[in-house]
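J.: The opening residue of the sequence shown carries number 6 in this note's numbering; numbering runs sequentially from there.
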Amino acid sequence: MTAVDLPAVPRVLIAEADPWSRDLLKHVLLNVRCDARLDLCADGQQAMSLLSEVPYDLAIVDWELPGIDGLSVLRSVRQRKRNPPLPFILMSSRNDSASVREAIPLAPTAYLTKPLNMESLTERLQGLLLDAGEEVSCEVPTLAPGMTLAVFLERRREQADGAPLMTDVQVAVKRSLNPSGLDLKLLEEEVRTDPQITAVLIAAANSAAQHHGAAVQTLGQALHRLGTGQSMNLILGLALKRSAKLSDPCLADYAERYWGLSLHTAEYARTLARLLDLDQERCYCAGMLHRLGDLALLRCLQEWKQAGGELDEWEEVGDALAEFGAAYGSALRTRWRLPLELRELIASVYQLGGGVYSREALVMNMAAQMARLTEHEGVEELAKSRTARLLKIGLPELMRMRK
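#1: Is there contact here, the region 181-195 with the region 307-323, by at least three beta-carbon pairs under 8 Å?
#2: Would you say Q131 reaches chain B, if we count a Cβ-Cβ gap shorter than 8 Å as a contact?
#3: Are D67 and A22 close, meaning C-beta to C-beta below 8 Å?
#4: Identify which residue in M53, E382 and C305 has its Cα closest to the Cα of K408.
#5: Taking C-beta to C-beta, are L206 and L256 nearer than 8 Å?
#6: Mind checking which residues open and close the alpha helix (DSSP H) that includes L357?
#7: Which residues mark the beginning and the end of the alpha helix (DSSP H) in which T392 is found?
#8: I want to know whether the region 291-311 touches the region 120-140 - three or more CB-CB distances under 8 Å.
#9: From G292, Y333 and T114, pick the residue whose C-alpha is nearest to that of P90; which is it?
#10: Can L245 and S236 be called in contact, C-beta distance under 8 Å?
#11: With DSSP as the reference, label N122 as helix, strand or coil.
#12: Can A108 and L95 be called in contact, C-beta distance under 8 Å?
#13: From E365 to E69, what does the alpha carbon distance come to, in whole angstroms?
#14: In whole angstroms, what separates the C-alpha of L348 from that of A291?
#15: Per DSSP, what kind of secondary structure is A115 in: helix, strand or coil?
#16: Looking only at its chain, what residues have a beta carbon closer than 6 Å to the beta carbon of A47, apart from the 5 residues adjacent to it on each side?
#17: Run through DSSP, which three-state label would N183 get?
#18: So what does DSSP say about N99, is it helix, strand or coil?
#19: For the putative contact between A168 and P200, defined by C-beta atoms under 8 Å, what is the C-beta separation to the nearest angstrom?
#20: Going by DSSP, what residues sit across from L63 in a beta bridge?
#21: By alpha-carbon positions, which one of R38, N100, A336 and M123 ends up nearest to E144?
#22: Is the region 157-174 touching the region 319-337 in the sense that three or more CB pairs, one from each, lie closer than 8 Å?
#23: Kindly indicate which three-state DSSP category I94 falls into: helix, strand or coil?
#24: Which whole-angstrom value describes the C-beta separation of R15 and L63, a residue pair presumed to lie in contact below a C-beta threshold of 8 Å?
#25: To which residues of the same chain is Q175 closer than 8 Å at the C-beta, ignoring the five residues directly before and after it?
#26: Near L231, what residues of its chain come up, given a Cβ to Cβ distance below 8 Å and the 5 sequence neighbours on each side ignored?
#27: Tell me which residue opens and which closes the alpha helix (DSSP H) that D258 is part of.
#28: Please state if the CB of L396 and the CB of L367 are separated by a distance shorter than 8 Å.
#29: Look at the Cβ atom of A393, then the Cβ atom of A274, and state whether they are nearer than 8 Å.
#30: Contact defined as beta carbons within less than 8 Å: I believe L224 pairs with R197. What is the distance between those atoms, to the nearest angstrom?
#31: So, at 7 Å on beta carbons, what are the nonlocal neighbours of A52 in its own chain, with the 5 sequence-adjacent residues on each side left out?
Right under this line is the structure:
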């Protein structure tokens, strides 16, 4: 493959039905050309319309698009006889020789089978979008004049990318490899304590493109449904996003504390669930995800600082968390369409609503109360609480858990 003559800023179309795969492709491409102008769509009809209206420099299209499929989109593009031909990457889950033979006469620039090899895709994009040895630098967008922190956070609430990564994903994937490939059980152990990875994989496994039967509510279920290739791609793709790691010491310190609270809540929830013969992994995931909004907010605060905003590193951070943390969590869980049952468990961490409570909801509420105890506080008051009575958990059990 050879590089093509491109304008200073290339325009690229990505047509992919699955929102998580579409987002992954977007960030892989921006990692190669951060200045690229991207148009994203989810069906073949929209792809056809855009390709007829816009002089793109590259199209990345999935064969299995709803409506008009990707091969028909490619056929339409080639019938226009553009000179030079539009670089066109065709993706497909079809890896049989008959499908390849069907596509070859239409001269796709590349035919990539799913799950995609991210390294190979990156190399192809570099060949298409970069001249030899070229590097593209992009400045962080600056704030609009007069922008206040409150307005910035309110606007980012519905577009936030989620929590920062608390795991080194490259190391996690490397440790999960064995001679026969990626071991999903090892991968689960490596990433299970990361709220962002847990949430994204559960959300991706429940997307329309992956949905097969009952909703996925745990990390293990998500990894099994997505498979090794897609799981690895999504995890590695998270590291490509802006502010994936918190570099600001104050914000990183806040994140460590909220992450620690998530870990303690998750561990207490799993222990209680095991004691009461309930779903341990579902309770663990609910505990892990209950501070997702606060962590996502800290990531947005780093973006605010990187864009030139000023921040009182203690007072304003605390105020922002108090005002926006819960709203960020609710927005993320809704936008990512996490299963309602899992969201209800997360909500019970904070308070128990009226009516009848499930035993798992009671477990989550008790686990959160235990996680919030300081090292000098005992569990005597918790043993007298209504939650403990409903669970039929006494002081001896709580004391053993506390140890």
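Glycine residues also receive a C-beta, built at the ideal position from the N, C-alpha and C atoms.
Everything numeric in this text was worked out from a predicted model, so none of it was measured.
T.: In this structure, then:
#1: no
#2: No chain B appears in the structure shown, which is made up of a single protein chain.
#3: yes
#4: E382
#5: no
#6: Careful: L357 lies outside any alpha helix (DSSP H) and carries neither H nor E.
#7: R391 to L396
#8: no
#9: T114
#10: no
#11: coil
#12: yes
#13: 40 Å
#14: It is Arg, not Leu, that sits at residue 348 in the sequence shown. R348 and A291: Cα-Cα distance of roughly 8 Å.
#15: strand
#16: A22
#17: strand
#18: It is worth fixing the name first, because residue 99 is Arg in this sequence and not Asn. Note: R99 maps to coil in three-state DSSP.
#19: 5 Å
#20: V17
#21: R38
#22: yes
#23: strand
#24: The residue asked about is misnamed: residue 15 is Pro in this sequence, not Arg. The pair is a contact, with the Cβ atoms about 6 Å apart (cut-off 8 Å).
#25: L241 and A244
#26: L206, A209, A210, Q215 and L239
#27: P254 to L280
#28: yes
#29: no
#30: 6 Å
#31: L18, A20, C46, V66, L70 and V78
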